[in-house]
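With our numbering, the residue at position 28 of the sequence shown is 169, and numbering never jumps. For each residue, glycine too, the CB sits at the ideal point set by N, CA and C. In this text the structure is predicted, and so the values were computed from the model without any measurement. One structure below.
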Amino acid sequence: MADLQHVGVLGMHWGIRRRGPASSEHTRARELKKKHVSELTNDELKTAITRLSLEKQFKDISSASAGRGSSILKGILLRVGAQAVNSYVASKNPDSSSYQFFADAVRNKAHNPKS
142 MADLQHVGVL GMHWGIRRRG PASSEHTRAR ELKKKHVSEL TNDELKTAIT
192 RLSLEKQFKD ISSASAGRGS SILKGILLRV GAQAVNSYVA SKNPDSSSYQ
242 FFADAVRNKA HNPKS
């Protein structure tokens, strides 16, 4: 008969991950941020400012690259959608003014995604 074994972490919920330990610099900067500025020495201020500015720069770089990728994907999806709408409009009744208006609106959005 097969034995039933528990191979997870006791008390751990499904789908919830534990974070690894934060770096000592990160922990120190967060502790210093909780203190009042007048209680900090110059070295402590410099340490906190350096670490927090590096974290902010990293976050900005990470979000900028995601923004660029999403804008590229948005342009691709708009062009594909415009092609799908154009083929649908052409198959139905291309002379109808409502179909033509809709097709023109989608075509303009695909060519000018910023508007």
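- Pairwise C-beta distances place the region 218-226 out of contact with the region 188-208, as fewer than three of them are shorter than 8 angstroms.
- Ranking S164, A189, H167 and S165 by CA distance to the CA of K176 puts A189 first.
- 8 angstroms or more divides the Cβ of R192 from the Cβ of E172.
- A170 is classed as buried because its beta carbon has at least 16 other beta carbons within 10 Å across all chains shown.
- Separation of L219 and S211 (C-alpha to C-alpha, rounded to the nearest whole angstrom) is 12 angstroms.
- CA-to-CA, the gap between G149 and S164 works out to about 25 angstroms.
- When the five nearest sequence neighbours on each side are left out, no beta carbon in the same chain lies closer than 7 angstroms to the beta carbon of L145.
- Assignment of R171 by DSSP, reduced to helix, strand and coil, places it in the helix class.
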